[in-house]
Amino acid sequence: MQSNSNSAGFFGSLWAITGFSLLILFAIVRLGKIALDSFNYNYQWFHWLALFISVVVMAYSEGYKGFQLKFSPRFAARCRHLRQQPTTCHVILAPLFCMGFFHTTRARKIATFTLTLMILCFIQIAHFLPQPWRGILDLGVVTGLIWGLLSLYVNLIKAFNSKEFSHSPELPDK
3 MQSNSNSAGF FGSLWAITGF SLLILFAIVR LGKIALDSFN YNYQWFHWLA LFISVVVMAY
63 SEGYKGFQLK FSPRFAARCR HLRQQPTTCH VILAPLFCMG FFHTTRARKI ATFTLTLMIL
123 CFIQIAHFLP QPWRGILDLG VVTGLIWGLL SLYVNLIKAF NSKEFSHSPE LPDK
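Structure, rendered in structure tokens:
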């Protein structure tokens, strides 16, 4: 039985990492094309300033504060938990489990669903921005997503290659 549990845990964590990575990579490629298209427009000094601000603000707020300090360590801790204690539901829904959509604290669920709703609203609003402004904004988002994905991989390496991983998976109280 231990072998089946090890296999399920391995495939669950692999599915979580792969599923989330594909989601983020899809966004990076899609938004990256829009961002690159913005360079077909004549940038004035204020466009370059906005681009600089967008990249710096999103690298800091999304990449560093959002991903590196919060999401990535938690995702890695939940992925580690999944590998060690898999359940059928958690393995099947591994990307959603590791992102914190279920089997977590009430506060984490509220934060996860609220953040997801906010992201979806921002995406809809961004569709109304003309180029080059949309590309300028998207380049900042792409910067944050790349930073986030890299920080996730660093945290996953730490989580799976150390005896102790100090970050909480934020599981619900029993």
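Residue 3 is where the sequence shown starts when you use this note's numbering, and the numbers rise one by one after that.
Glycine is no exception: its CB is placed at the ideal position from the N, C-alpha and C atoms.
Excluding five sequence neighbours on each side, which residues of the same chain lie with their C-beta closer than 6 Å to the C-beta of Leu-33?
Here residue 33 is taken as the residue at index 31 of the sequence shown, counted from 1. In chain order, Asp-140, Val-143, Val-144 place their CB closer than 6 Å to the CB of Leu-33, counting only its own chain and leaving out the 5 sequence neighbours on each side.
Using the rule of at least 16 other Cβ atoms within 10 Å of the residue's Cβ for burial, across every protein chain shown, is Ile-36 buried or exposed?
Start at 1 with the first residue of the sequence shown, and residue 36 comes out as number 34. When all chains shown are included, Ile-36 counts as buried.
Per-residue burial, Pro-97 [other beta carbons within 10 Å of its own, 16 or more giving buried]
The residue you call residue 97 lines up with position 95 of the sequence shown. The Cβ neighbour count for Pro-97, taken over all protein chains shown within 10 Å, is at least 16; the residue is labelled buried.
Alpha carbon to alpha carbon, how far is His-105 from Gln-86? Give it in angstroms, no decimals.
In the sequence shown, the residue the question calls residue 86 occupies position 84. In the sequence shown, the residue the question calls residue 105 occupies position 103. Whole-angstrom Cα-Cα distance: 15 Å.
For a test of the three-state rule: what should DSSP assign to Ser-23, helix, strand or coil?
As a position in the sequence shown, residue 23 is number 21, starting the count at 1. In the three-state scheme derived from DSSP, where H, G and I count as helix and E and B as strand, Ser-23 is classed as helix.
If we count the other Cβ atoms within 10 Å of its Cβ and call it buried at 16 or more, is His-129 buried or exposed?
Position 127 of the sequence shown, counting from 1, holds the residue named residue 129. Counting Cβ neighbours within 10 Å, His-129 comes out exposed, since fewer than 16 surround it.
Tell me which residue opens and which closes the alpha helix (DSSP H) that Thr-86 is part of.
Your numbering for residue 86 matches position 84 in the sequence shown. Note on residue identity: the sequence assigns Gln, not Thr, to residue 86. Here the alpha helix (DSSP H) through Gln-86 covers 74-86.
By alpha-carbon positions, which one of Pro-88, Arg-80, Phe-69, Leu-131 ends up nearest to Leu-117?
Taking the sequence shown and counting its residues from 1, one reaches residue 117 at position 115. Just measuring C-alpha positions, the residue of Pro-88, Arg-80, Phe-69, Leu-131 sitting nearest Leu-117 is Phe-69.
Where does Gln-70 sit, in a helix, a strand or coil, going by DSSP?
As a position in the sequence shown, residue 70 is number 68, starting the count at 1. Gln-70 sits in a helix when the DSSP states are folded into three classes.
Judging by CA-CA distance, which residue of Glu-172, Ala-29, Ile-121, Leu-151 is the nearest neighbour of Ile-19?
Translated into positions along the sequence shown, residue 19 becomes position 17. Residue Leu-151 is the option with its Cα nearest to Ile-19.
One question on the structure: do Ser-15 and Cys-91 come within less than 7 Å of each other, judged by their Cβ atoms?
Stepping through the sequence shown from its first residue, residue 15 is reached at position 13. Stepping through the sequence shown from its first residue, residue 91 is reached at position 89. Going by C-beta atoms, Ser-15 is not nearer than 7 Å to Cys-91.
Where does Gly-102 fall in DSSP's three states?
Looking up residue 102 in the sequence shown gives position 100. In the structure shown, Gly-102 falls within a coil segment according to DSSP collapsed to helix, strand and coil.
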